[in-house]
Amino acid sequence: MMIYFIAAIAGIAGFLFGFDEGVIAGALHLLRGEFAISPFDEGLMTAAVPLGALGGALLAGRTTETYGRRALLLVAAVLFAAGALFSAAAGAVWMLTASRLLLGLAVGIAAMVAPLYISESAPAEKRGMLVSIYQLAITLGILGAYVVDFAFAESWRLMFLMGVLPALALLIGMYRMGDTPRWLALKGRTEEARLAIARIRDLAPQDPAVDAELASIRQAVQQRTRPGTWADLLSPSVRPALVVGMGLFFLQQLSGINAVIYYAPTVFKESGFNSTSTQILATVGIGIVNVAMTFVGMYLIDRIGRRRLLFIGFAGTALSLGMIAIAAATDAEALDILATIGLVLYVAAFAASIGPLPWVMMSEIFPLKVRSLGMSVASLANWAFNFLVVFSFPMLVSSFGLGGVFAVYALVCAAGLVFTYLLVPETNGVSLEEIERHLESGRPFRTLDAGPVRVVTA
Ligand code: BGC
Numbered sequence: 216m217m218i219y220f221i222a223a224i225a226g227i228a229g230f231l232f233g234f235d236e237g238v239i240a241g242a243l244h245l246l247r248g249e250f251a252i253s254p255f256d257e258g259l260m261t262a263a264v265p266l267g268a269l270g271g272a273l274l275a276g277r278t279t280e281t282y283g284r285r286a287l288l289l290v291a292a293v294l295f296a297a298g299a300l301f302s303a304a305a306g307a308v309w310m311l312t313a314s315r316l317l318l319g320l321a322v323g324i325a326a327m328v329a330p331l332y333i334s335e336s337a338p339a340e341k342r343g344m345l346v347s348i349y350q351l352a353i354t355l356g357i358l359g360a361y362v363v364d365f366a367f368a369e370s371w372r373l374m375f376l377m378g379v380l381p382a383l384a385l386l387i388g389m390y391r392m393g394d395t396p397r398w399l400a401l402k403g404r405t406e407e408a409r410l411a412i413a414r415i416r417d418l419a420p421q422d423p424a425v426d427a428e429l430a431s432i433r434q435a436v437q438q439r440t441r442p443g444t445w446a447d448l449l450s451p452s453v454r455p456a457l458v459v460g461m462g463l464f465f466l467q468q469l470s471g472i473n474a475v476i477y478y479a480p481t482v483f484k485e486s487g488f489n490s491t492s493t494q495i496l497a498t499v500g501i502g503i504v505n506v507a508m509t510f511v512g513m514y515l516i517d518r519i520g521r522r523r524l525l526f527i528g529f530a531g532t533a534l535s536l537g538m539i540a541i542a543a544a545t546d547a548e549a550l551d552i553l554a555t556i557g558l559v560l561y562v563a564a565f566a567a568s569i570g571p572l573p574w575v576m577m578s579e580i581f582p583l584k585v586r587s588l589g590m591s592v593a594s595l596a597n598w599a600f601n602f603l604v605v606f607s608f609p610m611l612v613s614s615f616g617l618g619g620v621f622a623v624y625a626l627v628c629a630a631g632l633v634f635t636y637l638l639v640p641e642t643n644g645v646s647l648e649e650i651e652r653h654l655e656s657g658r659p660f661r662t663l664d665a666g667p668v669r670v671v672t673a
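If you read the sequence shown in this note's numbering, its first letter stands for residue 216, the second for the next number, and so on.
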């Protein structure tokens with residue numbers, strides 16, 4: 216039971232991540248009415264979250280080794296609460312931008328430390344499922360934000376203020392938790408590590424199962440050689456993994472997903488929805504599709520394999536974005552209907568495929584020695600491209616119109632098909648060690664071939 220409690224607490228961190236991404240969507244039109252915002256300022260204020268997250272992710276890497284997972288999650292909870300309060304009280308656009316930068320810092324820390332906290336506490340056989348709960352929590356956070364936007368449609372201050380509640384839940388929950396056994400062992404605090412294992416597994420501290428787990432953690436800690444370096448990451452045998460890891464995040468973000476997540480009501484407005492409440496209601500619909508299709512993705516990922524799911528995702532997003540672009544460019548009569556269908560299809564294809572896959576694959580493709588470095592570089596790529604898209608969107612729309620911008624995103628998704636075909640390996644059912652051996656053999660990464668049959672023999 217305890218382990219589910221742990222996952223729930225860390226899942227709140229994922230929820231906050233999604234909440235702070237999504238909440239701006241319903242607030243923008245109110246802010247535009249109250250302050251004179253240029254497209255540049257609007258882009259910067261909105262994109263302050265991914266920008267701050269870039270800083271948070273950079274900061275968290277080292278500090279979590281020194282101070283522990285729990286301490287960093289507590290700091291993130293305080294920053295989440297402070298950011299929500301400051302943004303609710305902001306008197307000018309620059310104050311909002313600064314508060315969102317603070318929220319971003321919290322998002323960046325939480326997005327890195329919470330999955331780590333879960334995976335270091337979870338028993339191996341439940342790890343995949345528990346880490347995907349975190350993914351799901353992000354989409355639930357986005358939906359939660361849209362519902363809050365709808366419920367407090369008149370007050371952007373109340374929308375932002377609501378972020379305090381999950382932040383307090385995280386603070387109180389984490390305050391009562393201990394750190395992970397692995398981190399405690401890393402610090403030489405062996406007896407505390409023993410108690411932590413006993414608590415998580417609901418066993419007595421002297422139970423032989425606790426001894427066994429402690430011994431295996433201590434062995435892994437002692438065997439830890441020097442951490443991987445940048446030179447290792449760029450070495451010929453690791454480079455193909457780096458290209459796939461960063462490339463998938465480039466494609467995920469440049470597919471334009473966050474132009475939709477952060478600006479959904481604006482997109483609906485541009486697509487012919489006239490009333491603000493229908494724009495926000497349609498946005499809630501997008502949030503629901505995003506959550507529902509994440510379940511579908513989780514179901515399919517180990518069944519039909521990564522490559523096939525990516526092909527479906529990129530084909531689906533390219534076609535649906537193309538549909539919106541054509542409708543917008545031709546000013547079609549039924550623009551709002553076409554755009555709505557296009558957007559729903561787009562989010563559905565994204566959520567089942569391009570959403571979860573880069574996160575899953577980033578944890579599979581890097582050899583052990585550079586796994587954490589590789590993962591942090593890949594997730595930094597995620598934040599950097601996320602920032603680029605969210606920051607540029609208002610300016611691009613005001614210069615080229617929605618049709619032009621979505622046409623570019625459609626082309627990126629089409630390029631994703633080629634990228635997948637040429638470079639992405641099928642990792643389904645292949646053990647992490649086999650992936651590592653394949654990279655070392657120098658054969659093209661893409662030729663790593665497996666079928667479900669290998670699961671049995673691996
Ligand atoms: C992406 C986020 C995006 C979210 C939407 C995630 O996989 O990394 O940038 O906002 O999906 O659900």
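Ideal placement from N, C-alpha and C gives every residue a C-beta, glycine not left out.
- LEU588 sits close to LEU448, with the two beta carbons spaced by under 7 Å.
- LEU355 is the residue among SER656, LEU355, HIS244 and ALA296 whose C-alpha sits nearest the C-alpha of MET508.
- The beta carbon of LEU259 sits closer than 7 Å to those of THR312 and PHE606, all from its chain and outside the five residues before and after it, given in chain order.
- Around the Cβ of TYR514, a 10 Å sphere holds fewer than 16 other Cβ atoms; the residue is exposed.
- Shortest Cα-Cα distance from MET577 to any of PRO423, SER594 and ASP394 involves SER594.
- Look at GLY619: its beta carbon is at least 6 Å from all of the heavy atoms in the ligand BGC.
- Annotation: GLY616 to LEU266 spans about 25 Å, alpha carbon to alpha carbon.
- One alpha carbon belongs to ALA540, the other to LEU553, and they sit about 10 Å apart.
- In this chain, MET377 is not harboured by any alpha helix (DSSP H), its DSSP state being neither H nor E.
- Of GLY520, GLU335 and PRO254, the smallest CA-CA separation from ALA435 is found for GLU335.
- With fewer than 16 other CB atoms across the displayed protein chains lying within 10 angstroms of its CB, ASN489 is exposed.
- For LEU663, no alpha helix (DSSP H) run applies, since DSSP gives it neither H nor E.
- Look at THR444 here: in three-state DSSP terms it is coil, with no helix or strand label.
- Contact between the segment 626-638 and the segment 528-548 is present: three or more C-beta pairs spanning the two stretches fall below 8 Å.
- Within the same chain, TYR361, VAL362 and PHE365 come within 7 Å of VAL499 by CB-CB distance, once the 5 residues on both sides are set aside.
- At a cut-off of 6 Å, the beta-carbon of THR354 counts as near the ligand BGC: some heavy atom of the ligand is closer than that.
- Nearest in C-alpha terms to VAL592, of all of THR444, LEU373 and GLU548, is THR444.
- Between GLY378 and ALA305, the beta carbon gap of about 13 Å keeps them out of contact (Cβ cut-off 8 Å).
- For LYS484, the uninterrupted alpha helix (DSSP H) segment begins and ends at 472-485.
- In summary, ALA430 is exposed, with fewer than 16 beta-carbon neighbours lying within 10 Å of its beta-carbon over all protein chains present.
- In this structure, ILE348 has its beta carbon at no less than 6 Å from each heavy atom of the ligand BGC.
- The closest heavy atom of the ligand BGC lies 6 Å or more from the beta carbon of ASN643.
- Apart from the 5 residues on each side of it in sequence, ALA352 sits with its Cβ closer than 6 Å to the Cβ of GLY226, GLY229 and PHE230 in its chain, given in chain order.
- Counting only unbroken stretches of 4 or more residues, the alpha helix (DSSP H) elements lying wholly within the segment 393-468 are 396-401, 405-416, 423-438 and 445-448, in sequence order.
- The DSSP-derived three-state label of ILE516 is helix.
- In the same chain as MET217, and ignoring 5 residues on each side of it, the C-beta atoms closer than 7 Å to its own belong to ARG414, ILE415 and ASP417, in chain order.
- Between GLY271 and THR278, the alpha-carbon positions lie close to 10 Å from each other.
- Counting only the Cα atoms, HIS653 lies some 47 Å from ALA297.
- A residue is called buried once 16 or more other Cβ atoms fall within 10 Å of its Cβ, and PHE255, having fewer, is exposed.
- The beta carbons of TRP574 and ALA268 sit no closer together than 7 Å.
- Nearest Cα to GLY319 within the set GLY248, ALA456, ASP235 and ARG397: ASP235.
- Under the three-state reduction of DSSP, ILE580 is assigned to coil, being neither helix nor strand.
- Relative to the Cα of LEU466, the nearest Cα in the group ARG658, GLU280, ALA275 and VAL639 belongs to VAL639.
- With respect to PHE483, ALA497 sits close: the two C-beta atoms are nearer than 7 Å.
- A residue is called buried once 16 or more other Cβ atoms fall within 10 Å of its Cβ, and TYR636, having fewer, is exposed.
- Boundaries for ASP546: no alpha helix (DSSP H) harbours it, and the DSSP string shows neither H nor E there.
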